[in-house]
Amino acid sequence: ENGLVDNIRPIDSGNLWINGGFFILRREIFDYMEAGDELVVQPFQRLIREQQLVSYRNPGFWACMDTFKEKMMFDDMYANGHTPWAVWEQQGYPHA
Numbered sequence: 001e002n003g004l005v006d007n008i009r010p011i012d013s014g015n016l017w018i019n020g021g022f023f024i025l026r027r028e029i030f031d032y033m034e035a036g037d038e039l040v041v042q043p044f045q046r047l048i049r050e051q052q053l054v055s056y057r058n059p060g061f062w063a064c065m066d067t068f069k070e071k072m073m074f075d076d077m078y079a080n081g082h083t084p085w086a087v088w089e090q091q092g093y094p095h096a
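Going by our numbering, the sequence shown opens with residue 1, and the numbers climb by one from there.
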């Protein structure tokens with residue numbers, strides 16, 4: 001609820017959310033890393049033990065655009081006026 005990560009599980013073992021995102025890290029992340037470590041395995045486990053790993057779930061629109069087919073899907077959505085990613089055009093957005 002507060003975003004504090006207490007466990008990392010395989011994607012097929014829980015309530016499914018899109019398994020993707022971006023990392024925002026402080027320089028101190030290197031204090032948690034050792035040669036040969038995989039970022040989301042050993043360093044993240046160390047951060048979890050120290051309650052230093054947090055996450056943010058985006059309840060809004062999210063979709064990847066990695067392929068030409070996905071680009072065409074977005075072009076079609078745009079042409080039909082369905083642009084849920086354009087939050088700046090939504091009423092109530094601070095800069096609208």
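Glycine is no exception: its CB is placed at the ideal position from the N, C-alpha and C atoms.
Note that the structure is predicted; figures quoted are calculated from it, not measured.
*Alpha carbon to alpha carbon, how far is ASP66 from PHE30?*
30 Å
*asked:* So, at 6 Å on beta carbons, what are the nonlocal neighbours of PRO84 in its own chain, with the 5 sequence-adjacent residues on each side left out?
replied: PHE61
_DSSP three-state label for VAL54, please._
strand
*Quick one: what's got a C-beta closer than 7 Å to PHE68's C-beta in the same chain, skipping five residues either side?*
none
*Taking C-alpha atoms, which residue in GLU28, ARG57 and LYS71 lies nearest to PHE44?*
GLU28
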